[in-house]
Amino acid sequence: MSHDKSSPDHLYHHFYDVDQQYETSKLGMWAFILTEVLTFGGLFVAYTIYRAWHPDMFFNANLLLDVNKGLINTIVLIASSLTMALAIWAIQLNKRKLSLLMLFITFLCALGFLGIKYVEYEHKFHLGQLPGEYYSYMGPEVVQQIHDQEKIDSYIASNNIFFDKETNRLYTMNNPHIFFSIYFIMTGLHGLHVAIGMGLIAWLMVLTARGRLHAGYYTHMEAVGIFWHLVDLIWIFLFPLFYLIG
Amino acid sequence: MDRLTEYLFPKQVSSFAHDIDNLFYFIFYASIVLFLIVVIGMVYLAIKYRFKKGDDIRLTSSLDHNNTLEAMFFIIPLILVMITFVWGIKSYLDMITVPDGAIEIQVKGQKWAWIYDYPEGQNTMNELVVPMDTPIKVILSSTDVLHSFYIPVMRAKMDVLPNRYNVMWFDANQPGEYPIFCTEYCGTSHSGMIGKLTVLPKKAYEIWLAEAGSADDDLPLEELGEKLYTKKACNTCHTLDGTALVGPSYLETSQMWGQERVLDNGSSVVVDENYIRSSMLEPQTQIVAGYQNVMPTYQGLLNDRELDALIAFLKTLKEDSQI
Amino acid sequence: MSEEHHITPLKTYLLVAGTLFFLTAVTVWASYIDLGSFNIVLALLIAGTKAGIVATFFMHLLWDDKKNATIFVGSLMFLAIFIGITMTDTEFRGAVNPEIKDPINKRAAFYNSLPLTDDHGYPLDKEKNHHEGDKDHH
Amino acid sequence: MSGTNQNYLTHPKGIMSWLLTLDHKRIGLMYLFGGLFFFFIGGLLALGMRYALATPEADFVTNDQYNSMYTLHGAIMIFLFIIPAIPGALGNILLPLMLGAKDVAFPRLNLASFYLYTIGAIFFIYVMISGGVDTGWTFYTPYSTESHTNVMGTTMGVFIIGFSSILTGLNFIATVHKMRTPGLTWYKLPLFVWALYGTSLVQITATPVIAITMVLLMLERLLGIGIFDPALGGDPVLFQHFFWFYSHPAVYIMILPAFGIISEIIPVHSRKKVWGYKFIAYSTLSIAFIGFLVWGHHMFTSGQSVLSQIIFSFITYFVGIPTGVKIFSWMLTMYRGQVSFTPPMLYALSFLFLFTIGGLTGIFLGAVALDIHLHDTYFVVAHFHYVMQGGTIVAFLGGLHHWWPKSFGKMYNQTIANICAIGVFIGFNGTFFPQFLLGLRGMPRRYATYDALGSEELVAQYAATHGSSTFFSGILGLSIFIGVMNLLWSLRKSNKLDPGTNPWGALTMEWTHTTSPPHPHNFEEEPVLEHGPYDYDKVIVQPTLKK
Ligand code: HEA
Ligand code: HEA
Ligand code: CUA
Ligand SMILES: [Cu+2]
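Chains as they are written, first to last, in my numbering: chain A, 37 to 282; chain B, 8 to 330; chain C, 46 to 183; chain D, 24 to 570.
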């Protein structure tokens, strides 16, 4: 090899020096972030267009989401972003223990996030607020009050529920099942990213604990950090788009 | 030019066809010029500067740009392209602006036939009849997947979407019979989804319209059935000679008369008038084993007499085959 | 090599996180006052600000090679192209021929959904619906 | 170029050293043979289709079989051959060599990318065995959500190959930015590198969208999410936006590497400085960018809004201008050069001829009013074969002949190669030119039969044109086949070139600074740049092989 003898062992043979390697990895990571933005982007397009087409559907269906849980999750994710950043800060100063602790907290936050999501999903599954064809939720009141024609009428007037006199059947207006399709796909894909992020953070913890990462070499952590902040960044948009505005 | 048009294009039957063909010729001749510049230039340069036997390998010219020439690379295409754009859009706007007083015909695409509903209530299948020199506005929709309604002689085409309308218009300036194609892939018999456009002089059209739907009243049932077999597009899926296409051959069905037909859910049903009738009106309820649930319903497209006629026709097949 | 890399002071990080929490509170609060269509604009503005903060500080774009920031901004630009041009279609259909503006049956939308009531308006038992209402579109 | 005999083909040895290799050259070769294999399958399907179309009736295959054949033909050619395999093969082998780098930026990612390609390919093979798929390579909903064929397998395959493509793009971008040897500035890069760079930008920006589109399509089938399905209130036209937002830029993933190849071949074989270096370089980037703004020109009859029709038509034309700049520059490169008619040069010249036809017919299609007549007819089929087969594949074959001695240290029979190049040219024009006529006369594409058009005269007309197209497709297939066999035959043991060989007297770094085939680590010493890639006005390198 053409490296001088002093080159550290974490330098791959095809780079000239550690700096080139670090910069290259970061550039690669950012190119990857671009692909992530566009993957989610496709879903944001679907969201925007259906929202523009059916604002009332979004408004009504939005009320079925639990703002508090969304808010807690937002806070949890921002906190985890902070600890992730601090983990890098700590490793840059060679505070390995602190870095490990920060990673661990990040990991716990991620777990908490998924836990809350699980509760949310579970509740929706139970109610039949499912994507697409499987959507079956018509609002709790409807089921109870259904044999009272007047109440049906008032319900229809207020809630965009359509009662078809010919077939004598109830339909929800404006396809909330599509809202739920988009909701589940976007939050689901985001959740998948959180889970992948957890795996990566666990891997970082192992590397750090073994002393493989240190102030002189922490590219992995920097890259995972960027990924993790992206996960946070996407949630920053999902939260208001699904939970807050209708 | 006319000879060329005759060779290159189908007839020009709509009022905008001529304009579109001319747009084609404009791009065509401009392209030929550009193409010849590239090809003649290329061949000339390659031969002029070819490396001949016995030549020495030498340093070649360092010439690698020429500002005027490069500017031309931009400017000339830009001009050509802008003309094309303006022309293309102008013609396009003509093609989508439906003139007042157009006859509105509803066209439904379904696997694999075209169904036409006339404003006066007549309906036909696979056979579109229109008067000459009258704008026709077709309102398209589909009952299943995407199709595309294409009349080459009109230079008109529009996709047919489920749960959505699309609009297209044309006017015919020559009587005659012309093909209509489906140009959006829609399954097995996509290439069989072919309709016929008949352009009649106005008078003849009125007579046709008055008779449409009632014209066949005096035919005997079997003959009417035979006619409906092609008219209602049964033949896209059912043959008479025993080969199975998308659906079972009528010959097979008629030979099963009175016997048990096995359905795809394991049960079976006796082939009789009622079964055949429900096969046409509610085909999705009883699916013959080995076939898919693709037959469209003919509810509303066949009246009682027509149903009887088809059944009568079916029954004749068995007898024919026994002779 | 640590000398060469920028080390962000702890204070910055804490400040950034504080701002993010604060903006979260603001956006939740803002969602409870009715501003009409301005609600969504406001929410997106706040989200955009938060995202910008995350990218510049947490993701270190401020101190990085400018190429990385370019890539990131580029990705947003392509997303904007995707949304923007697609909407020139979805928002303007039917400008010439109004027939094509809306779906034929907005509700059809949901016509194969499960009927909740039987023919007399009484609720049906859910299990049973699931099988009936499935698949068959017509 | 010292005399050590070590080269990447023979060192290290053993099957595992290939399967687990991190060497970009070996990965490139694996892509090459994978790609050729699928080219062969796709080509056989094409010939089968041509045979079926020679007569109007469905006598050779049934409708369903035909529909499956054209879908697999299109999908395999696009997703398994020209998108991944060409940058994957020539790009991988050459990019680091041209940059004076020891490898691409992320060798492991590179191998992962190849394996993703393999997994995707396995999905396709599974689809072929399990009875095919019949949606067309465009997967339009709602047909694709209800078709009973193996749509899931195909979309899964496309999804996975999409990731492979993304990883390659990402890798190349990092490589071009960070791995150049000192002194190799942007304007000293060979134009092939610019082309790969542009390609990679398109790959990473467009491909994620096809990935998510495929996911949505799969979910649509599994769960009926309703976003694209009109039966559930969705919009099928929206699917087309999603699909073409990827697939239009994807046609530039296919053609930009070909542009790069041509930009290498013409200066080398004309022994002349390339004309308008900067114009060619920047036109690559502008094509890549403008390519993102025109996807709707595939949807002119879909019922999208009039506003979009106008916007898309307008921008479509602008792709033609930077492309034209390239074409004229290549042509003028020969001016005052020394042109030799070697096999790569013959392919390059026929590229100029064929691609110009293909590109100009794209302009016909960009004119909305005319496209309404031509959309989904054989005119479109002819257009895209002129650009893809006549453009990309011809350039690819040229590139293969150009760099074959570099990659393997073997020289093929040049006379046979020249004959095949001419055979491809004739066979190709004979196959696809008649299809323009078919399309103008209204023959729709994706038709398994054309026997019942309601007009005997029309059927006879179509049959005659289809017949001649089928006849020439035989010549085309045979020429490509012999051409490739000629290359493979050169690999026999007895045939060997001197490691220092530079058969064309080229000046780019892969020829001047390393052996043929190259050293496992590319360069024995750190390469030092002595001249630009096209300095034929300053430097003479004797070609080691004379004709
Ligand atoms: C390698 C792939 C490739 C390339 C490079 C291109 C290049 C172009 N394509 Fe093509 N195209 C396809 C592959 C490709 N296409 C495929 C696969 C389909 C069909 C998909 C399907 O439906 O299955 C398709 C379909 C397609 C359509 C849709 C047709 C339809 O379905 O109705 C259109 C419409 O605008 C179009 C236009 C163009 C244009 C304007 C270019 C331009 O980039 C061409 C630019 C080049 C030139 C213009 C020639 C050289 C320039 C000069 C000589 C200078 C002078 C120029 C001017 C005056 C403009 N293409
Ligand atoms: C790269 C892209 C590519 C290439 C190269 C080709 C090549 C060919 N194509 Fe294809 N084609 C498409 C992409 C391509 N096609 C696409 C995308 C569609 C649309 C599909 C759809 O509608 O969904 C299509 C559709 C299509 C149709 C229209 C079908 C229809 O609409 O009904 C036809 C009809 O003639 C056709 C013919 C051919 C022919 C004769 C060739 C010939 O050029 C093939 C000649 C090649 C060979 C015969 C192979 C030789 C190879 C070797 C010998 C390699 C040897 C290697 C080893 C031995 C290891 N193609
Ligand atoms: Cu209907 Cu094709
Ligand atoms: Cu395109």
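No residue lacks a Cβ here, since even glycine has one placed at the ideal position from N, Cα and C.
Collapsed DSSP secondary structure at residue i in the structure displayed
i       : result
C189(B) : strand
L309(B) : coil
H47(D)  : helix
K239(B) : coil
A405(D) : helix
E111(B) : strand
R57(B)  : strand
T150(B) : coil
Q117(B) : strand
T205(B) : strand
Chain-order list of residues whose beta-carbon lies under 6 Å from that of residue i (same chain, five-residue window excluded)
i      : result
R87(A) : F94
Closer than 9 Å to chain D by CB, residue i
i       : result
E156(A) : no
F155(C) : Because F155(C) sits at a pLDDT of 44, beneath the cut-off of 50, its placement in the model cannot be relied upon, and the following sentence gives the value as read from the coordinates. It does; some Cβ of chain D falls within 9 Å.
L153(B) : yes
is_contact[residue i, chain B] using C-beta, thresh 9 Å
i       : result
A392(D) : yes
H396(D) : yes
E553(D) : no
I149(C) : yes
E190(C) : What the structure shows of chain C is the stretch from 46 to 183, and residue 190(C) is not part of that stretch, so it cannot be assessed.
Where the alpha helix (DSSP H) containing residue i begins and where it ends
i       : result
N194(D) : V174 to K201
L514(D) : That residue, L514(D), is in no alpha helix (DSSP H); it is neither H nor E in DSSP.
D268(A) : T255 to L274
K105(A) : V103 to Q128
M165(B) : Careful: M165(B) lies outside any alpha helix (DSSP H), inside the beta strand (DSSP E) at A163 to V167.
R131(D) : P130 to I152
First and last residue of the uninterrupted beta strand (DSSP E) at residue i
i       : result
N173(B) : N173 to D178
L135(B) : E134 to P138
V277(B) : S275 to V277
H154(B) : H154 to I158
G348(B) : A question about residue 348(B) goes unanswered here, because the residues of chain B that appear run from 8 up to 330.
Y123(B) : A120 to D124
Expected contact under 8 Å - CB spacing of residue i and residue j to nearest Å
i       : j       : result
T119(A) : T142(A) : 5 Å
M234(A) : L136(A) : Wrong, their Cβ atoms sit about 15 Å apart, outside the cutoff.
Y172(B) : K164(B) : Not confirmed; about 16 Å, so no contact.
T339(D) : G389(D) : 4 Å
V276(B) : M263(B) : That belief does not hold up - the Cβ atoms of V276(B) and M263(B) are roughly 10 Å apart, past 8 Å.
T110(A) : T69(C)  : 5 Å
Sequence-distant residues of the same chain with beta carbon closer than 7 Å to residue i, five excluded per side
i       : result
L134(A) : A126
G326(D) : V260
I285(D) : W353, A371, F374 and A418
Q117(B) : S149, T150, D151 and P303
Below-9 Å beta-carbon distance, residue i vs any chain C residue
i       : result
P253(D) : yes
G261(A) : yes
A261(D) : Note on residue identity: the sequence assigns Leu, not Ala, to residue 261(D). Yes, L261(D) lies at the interface with chain C (some Cβ there is under 9 Å from its Cβ).
Residues near residue i by beta carbon distance below 8 Å, same chain, minus five either side
i       : result
P208(B) : P138, M139 and P182
F155(C) : In this prediction, F155(C) scores a pLDDT of 44, lower than 50, which makes its location untrustworthy; no coordinate-derived value is stated.
F104(D) : G58, F61, F62 and G65
Interface flag, residue i vs chain A, CB-CB below 9 Å
i       : result
P130(D) : yes
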